[in-house]
Amino acid sequence: MIRTLGNAVVFQLGWWVAILSAGWGEAWLAPPVLAGLITVNIWYGSQPRVMTLVVLAIGSAGLLLDSGLTASGLLRFGAHPFAPWLCPPWLCALWYLFATTLHQSLRWLEGRVWSAAMIGGIAGPISYGAGEALGALTLGPSRSSALLLLALVWVGLLPLFVRMAEQLYGAAAGSHLD
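Under my numbering, residues 732 to 909 are what the sequence shown spells out, in order.
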């Protein structure tokens, strides 16, 4: 219970750091802070090696997804140190931190596909919308169409990611990883 609550608190702290630092024009701050929070989650996780694999797999999938949404113009960011079609480093770091929640604070969604779809379809767009309201990004070409598309993406994405994490942890239970 302590790990679950701690994981949720660490993620929320990281979300605020990422969004506020980007919104305030200090986006460079988020990646090192979130790297520290990811390390804390992995260190205190029940299976650190497996969590590392989950973080790498799902975090990378998320950054590819958001880079695709950025390239399509659905997500737009201000100052960006890399190619404008890539999601910025602070958002990449946030994806890796999010991956730490899937078998911890979001573990209750395992085996509950419809609940995960509903939570994803609601929480995903709310998160991006809040990020826009705090100045971290702009949704386009129209806010309402972007939020609708994000809802549709997250309806499928959260159940998929929960299942991926569950399978990686399950496979590790039968092996020597942890």
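By construction, the Cβ of each residue, glycine as well, lies at the ideal position given by its N, Cα and C atoms.
Keep in mind the model is a prediction, meaning the values are calculated, not measured.
DSSP bridge partner residues for residue i (one or two, in chain order)
| i | result |
| --- | --- |
| LEU817 | DSSP output for LEU817 lists no bridge partner at all. |
| THR869 | ARG807 |
Status (buried if at least 16 other CB within 10 Å, exposed otherwise) for residue i
| i | result |
| --- | --- |
| MET782 | buried |
| LEU787 | exposed |
| ALA753 | buried |
| PRO763 | exposed |
| ALA902 | exposed |
| GLY776 | buried |
Alpha-carbon spacing of residue i relative to residue j, whole angstroms
| i | j | result |
| --- | --- | --- |
| ASP909 | GLN898 | Note that ASP909 scores 48 on pLDDT, short of 50, meaning its location in the model is unreliable; the coordinates nonetheless yield the value given after this. Cα to Cα, ASP909 sits roughly 14 Å from GLN898. |
| ILE773 | ALA864 | 31 Å |
| TRP885 | TRP839 | 17 Å |
| HIS834 | TRP747 | 21 Å |
| ALA848 | PRO890 | 6 Å |
| ILE850 | PHE813 | 32 Å |
| VAL741 | LEU768 | 7 Å |
| ARG894 | SER798 | 22 Å |
| LEU751 | ALA867 | 7 Å |
| LEU828 | GLY862 | 16 Å |
| ARG807 | ARG843 | 33 Å |
For residue j and residue i, believed in contact at Cβ under 8 Å, the rounded distance
| i | j | result |
| --- | --- | --- |
| CYS823 | LEU794 | 4 Å |
| PRO856 | LEU888 | Contact flag wrong, Cβ pair sits at about 11 Å. |
| ALA758 | TRP826 | The pair is not a contact, with the Cβ atoms about 15 Å apart (cut-off 8 Å). |
| LEU830 | ILE789 | Here residue 830 is Ala; the residue named in the question, Leu, does not match the sequence. 4 Å between Cβ atoms; contact. |
- Which residue spans inside the region 824-870 form an unbroken alpha helix (DSSP H) run of at least 4? Qualifying alpha helix (DSSP H) stretches, in chain order: 844-864.
- Query: In chain order, which continuous runs of the alpha helix (DSSP H) of length 4 or greater are located wholly inside the region 756-799?
  - Reply: Within the region 756-799, the complete alpha helix (DSSP H) segments of 4 residues or longer fall at 761-775, listed in chain order.
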